[in-house]
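A.B. asks: Mind looking over this structure? Questions follow.
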Amino acid sequence: MDTKKYVIRQISIFSENRPGRLAAIAHALGEEKINILAFSIAEANGFGVVRALVDHPEKAHDKLLSMGFNIAFTDVIAVRMKDQPGGLYEVAKILGDSGINIEYSYAYSGKEGAVLILRVDLVEDAIKKIQNSGATLLERSVFH
Amino acid sequence: MKCWDPRIEEMPKEELQRMQYKLLKSLVYRLYSFSPFYHDRMKEQKVHPDDICKLSDVHKLPFMFKRDLRDNYPDKIFTATKDELVRYHVSSGTTGKPTVVGYTQNDLNNWTTSLARGLTSLGLGRGDVIQVSYGYGLFTGGLGMHYGAERIGATVLPASVGNTERQIELMQDLGATAIACTPSYLLHIGEVAEKMGVNIKKDTQLRTGILGAEPWTEGMRNRIQDWLGIRAYDIYGTSELSGPMFTECAEQKGFHIWSDIALVEIIDPKTGESLEAGEKGELTITVLQKEALPMIRYRIGDITTMEEGICACGRTHPRIQRIQGRVDDMLIIRGINVFPSHIEYALMAIPEVGEHFQIVVERKGALDDMLVRVELNKESFSDKINDIMKIRQKVEHRLKNSLNVNVDVELVEPGSLPRFEGKSKKVIDKRLM
C-alpha cells in the first residue's frame, strides 16, 4: 500500500509568547499568497509552537526562515471524522487499540466535513490501521 | 547624642585633609619598607614615598584590584604577623579562591569606631536594642555590626540570619528598636510577620533599619519605610575594607566616609584618571590606618558619585551616594557574586542555544530573581514542546552548576535579542530602577 500520499507536511514555527508574533507570521504568509488551511498554537511556559497546514509549505518555510523564524517540517496525517457525537471516538479508538500514540492533534471543519489532524509516533502504522478500519484519510494533494 | 566624636566628625575640611596627608605619607613609607608586594608595585610604577608631597599625590600610587587578593591567597599580602592578628574573615568567592581578610586589634578598633560614628549619626545609642540579623561567622556583617552596636552602648540581640518567626517573637518580647540586615531579609521578615498576625508598625518598637550588603533603591527605601513604619538607612562596606563600615546619617543623603579612616577617589574606570566631585565613576579607596591587610587605591568596582560639601547634619567628611552599578557588570544575586562573563562561558558550551543573552534581575517578594534570555538555535528546533522544554532545563541546569545560583531561562527567537557594537548592555537590573 502506498502510504506516502497520505503523509502531509505541516510547518511548525517556534514563537515567543508575546503580542504580535502570530500577526507577524500570518502577515508574512499573506504577503506570499499562502493559504492557511488548518492551524493550532501549542503554548508552553514563555514560548509557543505554531503549527499550520498551508497550500505551499516550501514557500512558507523559506519565507519564514528568511525572516529569522525557527521553522521545521513535521509529518502529520488527516482523517475525516463523522461530524456527529462519537466521531472523534471512532478515530481515537483505532489508534489506541493499535498501540499508536497521539502526540498532538487538532481539528478543523473541512469543506466536506470535520477533519482531524494527527501527529502520531508511528505514521505508517497509523495510516494502515486507519485505512483497514474503513475510515477515510485525506491525501496530501488535498492540501498541497 | 549628635556625634560620637565631634572633634573628628566636625573637623574643618583643611584640617581633615592635613590629617589624611600625614596618614597617607606614613602608610606609604611603612608599606614601601615592609611590604614586598607594595614595594614592588611602587617600583614598577616608578614612585617613591618621597614623591608623595601632598594629598593629591595619591594619584601617583599604583592601583590594587580584587585579583591581587586572590592571587596572593590566603595571606601573602598581610603585613602583620600571626602574633599581631586577632581575627580572620573570609569572603565567599564563587569563582576561584575566596579572599581572606586579617585584622589586628587596631584594625578591629577602627572598624568598630567607624560604625559607632555611623550608628550614632543615624540616631542610635544607649537604650536602643539592635537586632543584628546579618550572618555571624566568616561573613563580616554579623560580627562587625555586633561590635559597633556594643560600642555605642546599645543592647545587641545577636539574632543572625534565619529562624524568622523566632526573630519576630524576640523583636517583640525584647523590644528591638533597630534591626541590621539585608533589605531583602527585612522584606521577608515583614512578610512572615504579617502571616503571623504581627503588625511591625503597631506591635513592635522597631523604628530603625540599617540595611545593606546588596543593592537596593530609593523606591525600596520608601516602600520599607511606609510599610514597616521605620526609617531605613543604607550601609556600605566590603570585607576588603574590613566589613560594613559607613552608614548614612539621619539626613539619608549618602554614606559619610570618615576621612581619618579612608581616602576616597572617584576615577574613570577606563583611564584611571581622577574625576571631579559629583562626577560618576569607580569608587577607589585607600584605607589609611589598616595594619594587617593594607589597601592602597583599591578599586572596589562599584560605581557612584562623591559629594564634598558639608552635610546638613554638620559633618565635614565626604559622602558617597548609593551604589549605582558595577564596573565589571558583577551582579549580586541572593548574596552570591555573578559575572555575566561566566554566563557567556557556560552558554558557549551548549550547542542548542546562541551566544547572545540578556540577564533580567528583579526582586520578587523578598528574593532576587534572575532570568537569562537566550536564543534557541535554528538547528535545535523541533516541533515537539517537550524537546524545547528539555533544552531549557539543560540550560538552567548548566547555569546553576556554574553560577551556584538558581536561574530561570527563557528561550527566545533567534535574532530577537538586541545586538550591541562595542560594550554591550546585557544586564537589566530592575532592582536598581
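Residue numbers (my numbering), protein chains in the order written: chain A, -4 to 139; chain B, 55 to 487.
Think of the CB as a built atom: it goes at the ideal place given N, C-alpha and C, for glycine as much as any other residue.
Here the structure is a predicted model, which is why all the values come from computation and not from measurement.
Can the beta-carbon of B/D161 be found closer than 7 Å to that of B/E345?
C.D. replies: Their beta carbons are under 7 Å apart, which means B/D161 touches B/E345 by this criterion.
A.B. asks: Bridge partners for B/D288 per DSSP, in chain order?
C.D. replies: Beta-bridge pairing links B/D288 to B/L265.
A.B. asks: Take A/D120 and list the residues in its own chain whose beta-carbon comes closer than 7 Å to its own, dropping the five residues that flank it on each side.
C.D. replies: Correct list, in chain order: S93 and I95.
A.B. asks: Hey, which unbroken runs of the alpha helix (DSSP H) at 4 residues or more fall wholly within the region 186 to 212 of chain B?
C.D. replies: Counting whole runs of 4 or more residues, the region 186 to 212 of chain B contains the alpha helix (DSSP H) stretches 194 to 205.
A.B. asks: Can you pull the chain B neighbours of A/R135, defined as C-beta to C-beta under 8 Å?
C.D. replies: Those within 8 Å of A/R135 in chain B number zero; the least Cβ separation is about 18 Å.
A.B. asks: What distance in whole Å lies between the Cβ atoms of A/R4 and A/F68, which are believed to be in contact at a cut-off of 8 Å?
C.D. replies: Indeed, because the Cβ distance is near 5 Å, the residues count as touching under 8 Å.
A.B. asks: At 7 Å on the CB atoms, spell out the chain B contacts of A/A121, in chain order.
C.D. replies: Neighbours of A/A121 on chain B: none; closest Cβ ~16 Å, over 7 Å.
A.B. asks: Where does B/I311 sit, in a helix, a strand or coil, going by DSSP?
C.D. replies: B/I311: coil per DSSP, three-state reduction.
A.B. asks: Roughly how many whole angstroms lie between the Cα atoms of A/A18 and A/L24?
C.D. replies: Rounded to the nearest angstrom, the two C-alpha atoms are 10 Å apart.
A.B. asks: Can you check DSSP and say which residues form a bridge with B/K418?
C.D. replies: DSSP, once it has assigned bridges, lists B/L421 as partnering B/K418.
A.B. asks: Relative to the C-alpha of B/D423, which residue among B/V392, B/K448 and B/E406 is closest?
C.D. replies: It is B/V392.
A.B. asks: Can you tell which of A/A102, A/A109 and A/V137 has the C-alpha that lies nearest to the C-alpha of A/R46?
C.D. replies: Selected option, being the one with the closest Cα: A/A102.
A.B. asks: Under the three-state reduction of DSSP, which class applies to B/R72: helix, strand or coil?
C.D. replies: In the structure shown, B/R72 sits in a helix (DSSP, three-state: H, G or I).
A.B. asks: By alpha-carbon positions, which one of A/I66, A/G43 and A/F34 ends up nearest to A/A73?
C.D. replies: Here the closest residue by C-alpha is A/F34.
A.B. asks: For B/R141, tell me which candidate among B/L260, B/W165, B/R417 and B/K484 has the shortest Cα-Cα distance.
C.D. replies: When only C-alpha atoms are compared, the closest one is B/W165.
A.B. asks: Give a yes or no on whether 7 Å exceeds the smallest Cβ distance from B/I439 to chain A.
C.D. replies: Yes, contact with chain A.
A.B. asks: At a CB-CB cut-off below 7 Å, which residues of chain A make contact with B/E464?
C.D. replies: Under the 7 Å cutoff, chain A gives G41.
A.B. asks: In chain B, what lies closer than 7 Å to A/F64 by C-beta?
C.D. replies: Simply E467.
A.B. asks: Between the Cα of A/V86 and those of A/T131, A/M62 and A/V118, spot the shortest distance and give me the residue it belongs to.
C.D. replies: Among A/T131, A/M62 and A/V118, the Cα nearest to that of A/V86 belongs to A/T131.
A.B. asks: Who are the near neighbours of B/Q74 in its chain, counting only those whose CB is closer than 8 Å to its CB and skipping five residues on each side?
C.D. replies: Answer for B/Q74: L109, S313, D314, L317 and L342, listed in chain order.
A.B. asks: If you pair each beta-carbon of the region 264 to 281 of chain B with each one of the region 224 to 239 of chain B, do three or more pairs fall below 8 Å?
C.D. replies: At 8 Å Cβ cutoff, the stretches touch.
A.B. asks: Is there a Cβ from chain A that is less than 7 Å from the Cβ of B/L430?
C.D. replies: Judged by the 7 Å Cβ criterion, B/L430 is in contact with chain A.
A.B. asks: Which residue from B/P298, B/T292 and B/Q447 puts its Cα closest to that of B/V463?
C.D. replies: Nearest option by C-alpha distance: B/Q447.
A.B. asks: Output the boundary residues of the alpha helix (DSSP H) element that contains B/H93.
C.D. replies: Unbroken alpha helix (DSSP H) run through B/H93: P90 to E98.
A.B. asks: Pull out every residue of the region 16 to 48 of chain A whose Cβ sits closer than 9 Å to any Cβ of chain B, in chain order.
C.D. replies: Of all residues in the region 16 to 48 of chain A, R16, A37, E38, A39, N40, G41, F42, G43, V44 and R46 have a Cβ within less than 9 Å of some Cβ in chain B.
A.B. asks: Here's the rule: buried if 16 or more other CB atoms are within 10 angstroms of the residue's CB, otherwise exposed. What is B/H310?
C.D. replies: The residue is buried, with at least 16 neighbouring Cβ atoms inside 10 Å.
A.B. asks: On the premise that B/S214 lies in contact with B/S494, defined as a C-beta separation below 8 Å, what is that separation, rounded to the nearest angstrom?
C.D. replies: Outside the shown range of chain B, which is 55 to 487, sits residue 494 of chain B, and nothing can be said about it.
A.B. asks: Starting from the beta carbon of A/E11, find every residue of chain B whose beta carbon is closer than 9 Å, and list them in chain order.
C.D. replies: Here the neighbours are E464, L465, V466, E467 and S470.
A.B. asks: Buried or exposed for B/D288, please, with buried defined as at least 16 other CB atoms from any protein chain shown within 10 angstroms of its CB.
C.D. replies: With 16 or more Cβ atoms within 10 Å of its Cβ, B/D288 is classed as buried.
A.B. asks: Can you grab the Cα-Cα spacing for the pair A/S104 / B/M443, in whole Å?
C.D. replies: When rounded, the distance between both Cα atoms is 31 Å.
A.B. asks: How is B/G326 classed by DSSP in three states: helix, strand or coil?
C.D. replies: Here B/G326 sits in coil by DSSP.
A.B. asks: With distances taken between CB atoms, is the gap from B/G379 to B/I397 smaller than 7 Å?
C.D. replies: Their beta carbons are not under 7 Å apart, which means B/G379 does not touch B/I397 by this criterion.
A.B. asks: Which residue wins for smallest C-alpha separation from B/G198, given the options B/L123, B/R220 and B/Y290?
C.D. replies: With distances taken between Cα atoms, B/G198 lies closest to B/Y290.
A.B. asks: Assuming the contact rule is C-beta atoms closer than 8 Å, B/S80 and B/T133 should be a hit. Round their C-beta distance to whole Å, please.
C.D. replies: Not really, about 13 Å apart at Cβ, beyond 8 Å.
A.B. asks: Since B/T338 and B/E319 are thought to touch, with beta carbons under 8 Å apart, how far apart are those beta carbons, to the nearest angstrom?
C.D. replies: That belief holds up - the Cβ atoms of B/T338 and B/E319 are roughly 4 Å apart, short of 8 Å.
A.B. asks: Please confirm whether B/F435 has its beta-carbon closer than 7 Å to some beta-carbon of chain A.
C.D. replies: With 7 Å as the cut-off, B/F435 counts as an interface residue toward chain A.
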